[in-house]
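Quick note: the sequence shown uses my numbering, first residue 547, plus one each step.
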Amino acid sequence: MKKLLTLTAVGAILAVPASAVQKCVPWVETTCRVTADSYSVQWSGVCNETNVAVSGLGLCSTSSNTSTDVRSSIGALGGLYCYCKALQPMPSKWVYVHTYDDLHICQQSCASACAQFMGIGSFVESVFKTMAAE
């Protein structure tokens, strides 16, 4: 009888689904050393104070309205509005960074603009705050 109760208790413990554990890390204002090649859509680097590797995309969009879902217009031909998205350490939402006067310059320079803006603490914070919100 004792064995049956013990096995029942163990079975009940194992049957309870495990819940995900989420660890919050306090925000440390940081800037990142990030680079991107011309005509590349990718940027990557390391954040200074935290030594965290970061990488992402810089793409042009035809949408200038950052409050709408820009995903459908990212990479569209004729886009003048540059948006950045982190992929590492976690995916972020698209964050507006700059408007260009010429679509070719936007395509050539958007990822480089993202790399440059990742050197500004307030922009890094705005990107990091949207992580895991997708």
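All C-beta atoms, glycine included, are put in the ideal place defined by N, C-alpha and C.
Here the structure is a predicted model, which is why all the values come from computation and not from measurement.
- Boundaries of the alpha helix (DSSP H) harbouring alanine 657: 649 to 663, taken from the DSSP string.
- Rounded to whole angstroms, the separation of the alpha carbons of isoleucine 651 and valine 592 is 26 angstroms.
- Collapsing the DSSP output to three states places glycine 667 in a helix.
- Aspartate 647 and valine 580 have their C-alpha atoms roughly 24 angstroms apart.
- For valine 592, the three-state secondary structure derived from DSSP is strand.
- Taking C-beta atoms as the reference points, glutamine 588 and alanine 657 count as a pair closer than 8 angstroms.
- At a Cβ-Cβ threshold of 8 angstroms, phenylalanine 674 and valine 643 do not count as neighbours.
- For glutamine 654, same chain residues with a beta-carbon under 7 angstroms away, outside a window of 5 residues either side, are Ser584, Tyr585 in chain order.
- Restricting attention to Glu595, Ser638, Leu626, the CA atom closest to the CA of glycine 602 is found in Ser638.
- Leucine 626 has its alpha-carbon roughly 24 angstroms from the corresponding atom of methionine 677.
- Annotated as proximal: valine 670 and cysteine 578, with beta-carbon spacing under 8 angstroms.
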